[in-house]
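Number of protein chains: 2
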Amino acid sequence: MHVSDLVTPALIVEARTLDANLATMAKALPGSRLRPHVKAHKCTALARRQAELGSRGFTCATIREMEGMAAAGLGDDLLLANEVVDARRLGALDARVTVAVDSSETIAAAASGGVREVLIDVNVGLPRCGCKPDDAQRLAELARDSGLEVRGVMGYEGHLMMVEDPAERAQRVAESMAELSSAHEKVGGDIVSAGGTGTFDCNFAATEIQAGSYALMDTSYDQLGLPFEPALFILATVVSVSDKFAVADCGLKSLGMDHGNPRIEDAKVWFCSDEHVTFAPDSPAETPATPVRVGSRIRVVPAHVDPTIAYHERMHIVSGEEVIDSWPVDLRGW
Amino acid sequence: MHVSDLVTPALIVEARTLDANLATMAKALPGSRLRPHVKAHKCTALARRQAELGSRGFTCATIREMEGMAAAGLGDDLLLANEVVDARRLGALDARVTVAVDSSETIAAAASGGVREVLIDVNVGLPRCGCKPDDAQRLAELARDSGLEVRGVMGYEGHLMMVEDPAERAQRVAESMAELSSAHEKVGGDIVSAGGTGTFDCNFAATEIQAGSYALMDTSYDQLGLPFEPALFILATVVSVSDKFAVADCGLKSLGMDHGNPRIEDAKVWFCSDEHVTFAPDSPAETPATPVRVGSRIRVVPAHVDPTIAYHERMHIVSGEEVIDSWPVDLRGW
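Sequence order for the protein chains is H and D. Quick note on numbering: our numbering labels position 333 of the first sequence as 333, and the sequence is numbered without any gaps. Take the position in the second sequence, starting the count at 1, then add 334; the result is the number in our numbering.
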């Protein structure tokens, strides 16, 4: 299939860039050093590629993601890195399931739901889930008393992913991880799970890194000088052109907008509507090779990849002008 | 089914509020005066309710919406109020299909795709699609020469929906619609299609109003003093509580974020992550009846309903604590 045959808006992934990103990370964090986070792509076909490169364990954000990974035969070691208050669907899975817990309620939910293994989730600075570091030991004891195997700890330093200066980022990650390590000493277990794409090369305390964005990358991560390149775009069709602006069929329902407007090369984005992006192409004199006409195909670069992908049913893998594969975004929903 | 049995995050719709919104609009704009826009809810079950209240014609934003409406038996008079450069899927529908055109290319696409009827889309001030008013006559002639039936004109005054002062809004709508009327005089046809929820009661030039948001409503529209009430929420479960904040399982992948953060009653929203909202409940002393605990269910009010709904597979219709119906959001995708 030719790229021009795709119905727009369409998620497209540059095969070569994806391959390079996956290979770079697999080399930096081989085998169990990487526990790829599937929330970033929600796609078992892409997860299978990560598995082929050595990752047997995966990180998930939702129960649906856990179910989909298990159904796809990728359930060797699945971690739900979020808390749940009803774990029965997890307990029913034909997979090795570990779930994060940070309270007596979530421990009780894991035990009564039939889950066997947990990590104690420790707050390492991001105001989200996780217990206080000095409460980790109590929770680990409670979990063991409830019949659960405690495999170790996790703590997500998400507030540090975007620290621009690498040295400062490394320093602050070390401080944040010191809290996790101190909790780990008291909790025990083999696992210290943490990190993300922004800290994959400066988090030395974690036994495994939960990176996800590296595969397809994000505009914001792109500013950190990481060895990964943006691989995902939205193909859109120009449907209307006036003297000052043009309009393409990619809008609020095909773009995660929490990081702001998308980018379009050689153009200024004015605003997005439900199904449209209005943009002003740079002067034709500067881009004589690519005039924008009704029917032109353009590439829109989403500001935030994860919530963008969650709007789409499929991602199309392209090489040049050929669509070489089409993968269902099969881990959507809850 | 009980509301507490729903898997969260879940779209919930208050039956009574929805019914009141639908009835109010059907009374204000009976029969063909209203052409409800399905993009707001993407749900044929909800569209069927609108049809039962007298609307035989509907407005769509995508080809998929047109297909879904036709398949649901709601194809008496479907308007695709956006331009397309490939109309073959529209031409294949078993339904009365009208499509917006604003250029020679989109006219050619309609004709060659097998569509029979068009509206000339006129730009009435919103920088998006639509021809210049003084180009409408030429395009109408071109369409007729191409064998198409020109049913009239459309023009969306979307830039005026949020003008706060009702008198100023009415005045500016009248000015905007004067351009559409002048184009209509030269184009001919029975239809002048325009308007939306924000101008449903002050657009007197249109023969039909394309309102959609009124059914479920939006936070932003809610500030205009319209006779419609918010009917849609997201039910979320609190999964973690600390001394300063709490976290519920509703995040960037269940919320349209282009209008900013959602609201939570009796709480301040701090930020959203992919699957979480972090919020600070107001002091317990002020809300003794509803302490936030792990496992509590809360209602999250999205800032923008349309792109929120597009993330969800179903909307659950509730009355009190009972789920009285569950409707697929079956018009998603493209």
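Note that the Cβ used here is the ideal one computed from N, Cα and C, for glycine as well.
DSSP-derived helix/strand/coil call for residue i
i: residue 587 of chain D; result: coil
i: residue 376 of chain D; result: coil
i: residue 281 of chain H; result: strand
i: residue 337 of chain D; result: helix
i: residue 466 of chain D; result: coil
i: residue 429 of chain D; result: coil
i: residue 119 of chain H; result: strand
i: residue 364 of chain D; result: coil
i: residue 56 of chain H; result: coil
i: residue 636 of chain D; result: coil
i: residue 77 of chain H; result: strand
i: residue 14 of chain H; result: strand
i: residue 48 of chain H; result: helix
i: residue 9 of chain H; result: coil
i: residue 539 of chain D; result: coil
i: residue 19 of chain H; result: helix
i: residue 310 of chain H; result: coil
i: residue 108 of chain H; result: helix
i: residue 64 of chain H; result: helix
i: residue 343 of chain H; result: For chain H, the structure presents residues 1 to 334; residue 343 of chain H sits outside this window and is missing.
i: residue 406 of chain D; result: coil
Proximity of residue i and residue j at Cβ, strictly below 8 Å
i: residue 266 of chain H; j: residue 252 of chain H; result: no
i: residue 323 of chain H; j: residue 316 of chain H; result: yes
i: residue 436 of chain D; j: residue 463 of chain D; result: yes
i: residue 394 of chain H; j: residue 192 of chain H; result: Here chain H has residues from 1 to 334 only, and residue 394 of chain H is not among them.
i: residue 554 of chain D; j: residue 593 of chain D; result: yes
i: residue 567 of chain D; j: residue 635 of chain D; result: yes
i: residue 467 of chain D; j: residue 245 of chain H; result: no
i: residue 388 of chain D; j: residue 369 of chain D; result: no
i: residue 345 of chain D; j: residue 643 of chain D; result: yes
i: residue 99 of chain H; j: residue 122 of chain H; result: no
i: residue 661 of chain D; j: residue 9 of chain H; result: no
i: residue 403 of chain D; j: residue 378 of chain D; result: yes
i: residue 380 of chain D; j: residue 549 of chain D; result: yes
i: residue 240 of chain H; j: residue 247 of chain H; result: yes
i: residue 563 of chain D; j: residue 354 of chain D; result: yes
i: residue 303 of chain H; j: residue 261 of chain H; result: yes
i: residue 198 of chain H; j: residue 37 of chain H; result: no
Proximity test, Cβ basis, 8 Å: residue i and chain H
i: residue 591 of chain D; result: yes
i: residue 500 of chain D; result: no
i: residue 424 of chain D; result: no
i: residue 580 of chain D; result: no
i: residue 537 of chain D; result: no
i: residue 462 of chain D; result: yes
i: residue 448 of chain D; result: no
i: residue 602 of chain D; result: no
i: residue 644 of chain D; result: yes
i: residue 437 of chain D; result: yes
i: residue 655 of chain D; result: no
i: residue 497 of chain D; result: no
i: residue 346 of chain D; result: no
i: residue 669 of chain D; result: The displayed coordinates of chain D run from 335 to 668. Any statement about residue 669 of chain D would go beyond what the structure contains.
i: residue 640 of chain D; result: yes
i: residue 510 of chain D; result: no
i: residue 432 of chain D; result: no
Cutoff 8 Å: residue i Cβ touching any chain D Cβ
i: residue 60 of chain H; result: no
i: residue 338 of chain H; result: Nothing about residue 338 of chain H can be reported from this structure: the residues present for chain H run from 1 to 334 only.
i: residue 93 of chain H; result: no
i: residue 44 of chain H; result: no
i: residue 219 of chain H; result: no
i: residue 179 of chain H; result: no
i: residue 193 of chain H; result: no
i: residue 83 of chain H; result: yes
Would the region 70 to 87 of chain H count as touching the region 549 to 564 of chain D if we require 3 or more Cβ pairs under 8 Å? By the C-beta criterion, the region 70 to 87 of chain H is judged not to be in contact with the region 549 to 564 of chain D, since fewer than 3 inter-stretch pairs fall below 8 Å.
Tell me whether the region 504 to 511 of chain D and the region 471 to 488 of chain D touch, counting them as touching only if at least three CB pairs, one residue from each stretch, are closer than 8 Å. no
Considering only residues of the region 207 to 247 of chain H, which uninterrupted beta strand (DSSP E) runs meet the minimum length of 3 residues and lie entirely inside it, listed in chain order? 232 to 241
Spell out a yes or no on whether the region 22 to 30 of chain H and the region 61 to 68 of chain H are touching, meaning 3 or more CB-CB pairs, one atom from each, closer than 8 Å. no
At 3 residues or longer, what runs of the beta strand (DSSP E) sit wholly inside the region 461 to 520 of chain D? Here the runs fully enclosed are 483 to 489.
Three or more C-beta pairs under 8 Å: does that hold for the region 445 to 456 of chain D against the region 492 to 499 of chain D? The answer is no - the region 492 to 499 of chain D does not touch the region 445 to 456 of chain D, with fewer than three Cβ pairs under 8 Å.
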